[in-house]
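Worksheet: one structure, shown below.
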Amino acid sequence: MSAPNAVAAAERGLLEVRGLVKRFGGVTAVNGLAMTVREGDVHALIGPNGSGKTTTINVISGLYRADGGSIAFDGGELVGRPAHEIARRGIARTFQNIRLFGDLSVLENVMVGRHVRTRVGFVGALLPGGATAREERETRERAHELIRFVGLDGTAAVPGRSLPYGDQRRVEIARALASEPRLLLLDEPAAGMNPAETDALVVLLRRIRAQGTTLLLIEHDMNLVMTVSDRITVLNFGQHIAEGPPAQIARDPEVITAYLGGTSDAA
Amino acid sequence: MPRAFALAFAVALLAVVPSLVHSDYVLNLCDLAGIYAIAVMGLGILLGYAGQMSLGQAAFFGIGAYTSGWLTTHLGWPVWPAMAAAVVLSALVGLAVGYPCLRLSGHYLALATIGFGIITQIVLVNWKDVTNGSDGMTGIPAPALGPWTLDSYGSYYYLVLAAVLACAYVAWRIKTTRVGRALEAIRENELAARATGIDATRYKIVAFVLAGAYAGLAGSLLAHSIKFLSPDSYSFDQSVVFLVMLILGGSSSIGGAILGAVLLTFLPEVLRPLKSSYVMVYGAAVVVMIIFMPKGLAGLFGAAWTRFAPRRAPPLTAAARPATGAEPT
Numbered sequence: 099m100s101a102p103n104a105v106a107a108a109e110r111g112l113l114e115v116r117g118l119v120k121r122f123g124g125v126t127a128v129n130g131l132a133m134t135v136r137e138g139d140v141h142a143l144i145g146p147n148g149s150g151k152t153t154t155i156n157v158i159s160g161l162y163r164a165d166g167g168s169i170a171f172d173g174g175e176l177v178g179r180p181a182h183e184i185a186r187r188g189i190a191r192t193f194q195n196i197r198l199f200g201d202l203s204v205l206e207n208v209m210v211g212r213h214v215r216t217r218v219g220f221v222g223a224l225l226p227g228g229a230t231a232r233e234e235r236e237t238r239e240r241a242h243e244l245i246r247f248v249g250l251d252g253t254a255a256v257p258g259r260s261l262p263y264g265d266q267r268r269v270e271i272a273r274a275l276a277s278e279p280r281l282l283l284l285d286e287p288a289a290g291m292n293p294a295e296t297d298a299l300v301v302l303l304r305r306i307r308a309q310g311t312t313l314l315l316i317e318h319d320m321n322l323v324m325t326v327s328d329r330i331t332v333l334n335f336g337q338h339i340a341e342g343p344p345a346q347i348a349r350d351p352e353v354i355t356a357y358l359g360g361t362s363d364a365a
Numbered sequence: 440m441p442r443a444f445a446l447a448f449a450v451a452l453l454a455v456v457p458s459l460v461h462s463d464y465v466l467n468l469c470d471l472a473g474i475y476a477i478a479v480m481g482l483g484i485l486l487g488y489a490g491q492m493s494l495g496q497a498a499f500f501g502i503g504a505y506t507s508g509w510l511t512t513h514l515g516w517p518v519w520p521a522m523a524a525a526v527v528l529s530a531l532v533g534l535a536v537g538y539p540c541l542r543l544s545g546h547y548l549a550l551a552t553i554g555f556g557i558i559t560q561i562v563l564v565n566w567k568d569v570t571n572g573s574d575g576m577t578g579i580p581a582p583a584l585g586p587w588t589l590d591s592y593g594s595y596y597y598l599v600l601a602a603v604l605a606c607a608y609v610a611w612r613i614k615t616t617r618v619g620r621a622l623e624a625i626r627e628n629e630l631a632a633r634a635t636g637i638d639a640t641r642y643k644i645v646a647f648v649l650a651g652a653y654a655g656l657a658g659s660l661l662a663h664s665i666k667f668l669s670p671d672s673y674s675f676d677q678s679v680v681f682l683v684m685l686i687l688g689g690s691s692s693i694g695g696a697i698l699g700a701v702l703l704t705f706l707p708e709v710l711r712p713l714k715s716s717y718v719m720v721y722g723a724a725v726v727v728m729i730i731f732m733p734k735g736l737a738g739l740f741g742a743a744w745t746r747f748a749p750r751r752a753p754p755l756t757a758a759a760r761p762a763t764g765a766e767p768t
């Protein structure tokens, strides 16, 4: 792992979450969370079920509105901005319960991911040739590249919903990467994957990181988390209880009692 | 390009219809089918592409028809600018209605569009100074093209055909470029679409405006074809007919929308000898078709095409695809 280089390259927080609060009725799902994701890192967000991980990701990506606190992304405030604008600023995501455009082909799914990087609107659509044709061709080529990048060669024409579960997760990753995000949020990317698929996922995550994309990852598979992460934030009851590199987190007594339940290897 | 060839053949076939068919009755039905097809294609953009239910399409149809009728009879406008005004006004009403309505979804959206349709019809019946109420509006002129007046069903057919082709082209261009993909993404999973950077509200309004514009054009074409307008033609029932035409044809298919409109324009005429029991048979026929063709006529032809046309791509995991009908609305 190239941890020392990464630390030297990026001390600045690409994403800085401060005092984040999200309530649902009487339940406070996220309660004053603070977290700093450094540029270039693979940052894992872990914690027991119900600790507020997915809620945090949903607030960052603008699908939920925060009840308090701030989220700074590259210095700009995200709280209060709609999801599509947050995506435009360079944050893409995948979903815990896969949300593909099921009836659309894998290629079309990934092409939709180019939305924020393309321009052709209603008028452009009516003028074939020229800029429209060029953009359409580039979108298609880039989507094909990404389908190869995530290892789904030969599936471009297949409807998204007809792929096996693990492959659907890869389509989601390709779709997210199509927007050329600076920060990619992955909500349990290994859920439902067998060990071989998980190993392939680790390789993929490293290749994404090597391209300079920062990753914020929610994951229950501790082997995966410990293998790929540069830093880990541990949540419990909507609050941050520890943040640091994997080795330090694995030794943290509070983390062990709250989350790992006394063993340091919970996979 | 077997597909392009098939398309050219279909257009050529449609172009010779008036020289083969000499019955004004049949040609009038052909004109009507084309006019309905335009309104149905518009609904296809809203419901088929973007997945937004509307049961108010006949209201836009009526607004287009009455705008065209009023401008030509009351203000003496020539037909073409009146037609353009009908399209623009219907689109603007689409914008005005779409903006508040699209904060709703599913059943609530459907109910809101029904409400809009009913209000529109009440206005058409009661705003007598403009619409002449239940007595209807008469004396609407036929359009003229240079020295020719398109006042025969045969000549009007070409105007309708040209409009259908233009509308199909626009719908096809939208479907196969960025805007169409964004609309389909919203239909498939709105949350994921938003997280992918698509401004879902804005795109849904665009779809509503387009649906309104298409229906407005169709209404205007109807006004100058039958030259008489009565509010009954723009009722909730007509909205349901448009919806059935679309679903029967195959909701996100342009060819399907046209086929559905043609089929359901001619079917009642074919069943006319059954007299009063025809509605029952018509209803049963529609139900049977929808049960056996959940993807509509387009799905049926698509399956036949895949089966019999030579294919380059290998069939991939076709068996893994779940049964159709995922989107019954």
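Those protein sequence lines, which keep their order, are chains A and B.
So the number in the numbering used here is just where the residue sits in the first sequence, counting from 1, plus 98.
So the number in the numbering used here is just where the residue sits in the second sequence, counting from 1, plus 439.
Every residue, glycine too, gets a C-beta built ideally from N, C-alpha and C.
- Three or more Cβ pairs closer than 8 Å define a contact, and the segment 624-640 of chain B falls short of that threshold against the segment 505-516 of chain B.
- ALA308/A and ASN334/A have their alpha carbons spaced roughly 31 Å apart.
- If you draw a straight line from the Cα of GLU286/A to the Cα of ALA621/B, it is about 26 Å long.
- Around the CB of ALA549/B, 16 or more other CB atoms lie within 10 Å, so the residue is classed as buried.
- Annotated as distal: SER659/B and VAL455/B, with beta-carbon spacing of 8 Å or more.
- Under DSSP, the beta-bridge partners assigned to PHE122/A are VAL125/A.
- Taking 8 Å as the cut-off, the Cβ atoms of GLY219/A and ALA229/A do not count as close.
- Apart from the 5 residues on each side of it in sequence, LYS666/B sits with its Cβ closer than 6 Å to the Cβ of ILE579 in its chain, given in chain order.
- VAL332/A: member of the beta strand (DSSP E) spanning 329-334, first to last residue.
- Among the residues facing chain A, ARG633/B is included, as its CB has a counterpart in that chain under 8 Å away.
- Within the segment 305-355 of chain A, complete alpha helix (DSSP H) segments of at least 4 residues are found at 320-326 and 344-349, given in chain order.
- Straight across, the Cα-Cα distance linking VAL269/A with GLU317/A is about 18 Å.
- Non-local C-beta neighbours of GLU175/A in its own chain, meaning closer than 8 Å and more than five positions away in sequence, comprise SER168 and ILE169, ordered along the chain.
- In this structure GLN346/A is exposed. Its beta-carbon is surrounded by fewer than 16 other beta-carbon atoms within 10 angstroms.
- Close to ALA624/B, with beta-carbon spacing below 7 Å, are these residues of chain A in chain order: PHE199 and VAL210.
- Take GLY111/A, set aside five residues on each side of it, and the residues of its chain with a beta-carbon closer than 7 Å to its own are THR134, VAL135 and ARG136, in chain order.
- The segment 582-602 of chain B makes no contact with the segment 142-158 of chain A: fewer than 3 CB pairs, one atom from each, lie closer than 8 Å.
- Burial of SER260/A is indicated by the presence of at least 16 other C-beta atoms within 10 angstroms of its C-beta.
- Within chain B, the residues placing a beta-carbon under 9 Å from that of LEU161/A are LEU630, ARG633 and ALA634, ordered along the chain.
- Close to GLU206/A, with beta-carbon spacing below 7 Å, are these residues of chain B in chain order: ARG620.
- Cβ proximity to chain B below 9 Å picks out THR216, ARG217, VAL218, GLY219, PHE220, GLY222, ALA223, LEU224, LEU225 and PRO226 from the segment 216-228 of chain A.
- Judged by DSSP in its simplified three-state form, GLU137/A adopts coil rather than helix or strand.
- Residues of chain A whose Cβ lies closer than 8 Å to the Cβ of THR616/B are, in chain order, VAL218, GLY222, ALA223, THR230 and GLU234.
- Interface criterion met: the Cβ of ILE637/B is under 8 Å from a Cβ in chain A.
- DSSP places PHE171/A in the uninterrupted beta strand (DSSP E) bounded by 166-171.
- The Cβ atoms of PRO257/A and SER203/A lie closer than 8 Å to each other.
- Under a criterion of Cβ atoms nearer than 7 Å, the residues of chain A adjacent to GLU627/B are, in order, PHE199, GLY200, ASP201 and LEU202.
- Setting aside the 5 residues that flank it on each side, GLY572/B is surrounded in the same chain by VAL564, each with a C-beta closer than 6 Å to its C-beta; the list follows chain order.
- For the segment 598-611 of chain B, residues whose beta-carbon sits nearer than 8 Å to a beta-carbon of chain A comprise VAL609.
- Of all residues in the segment 165-190 of chain A, those with a C-beta nearer than 7 Å to a C-beta of chain B are ALA181, HIS182, ALA185 and ARG186, reading in chain order.
- For ARG273/A, the C-beta contacts it makes with chain B under 9 Å involve ALA631 and THR635, in order along the chain.
- When the Cα atoms are used, LEU713/B and ALA723/B turn out to be separated by approximately 14 Å.
- Nearest Cα to ALA652/B within the set LEU604/B, SER692/B, ILE477/B and LEU687/B: ILE477/B.
- Counting only runs that start and end inside the segment 573-641 of chain B, the alpha helix (DSSP H) elements of at least 4 residues fall at 592-614, 617-627 and 629-634.
- Per DSSP, the unbroken beta strand (DSSP E) holding ILE189/A starts and ends at 189-191.
- DSSP places SER493/B in the coil class of the three-state scheme, outside both helix and strand.
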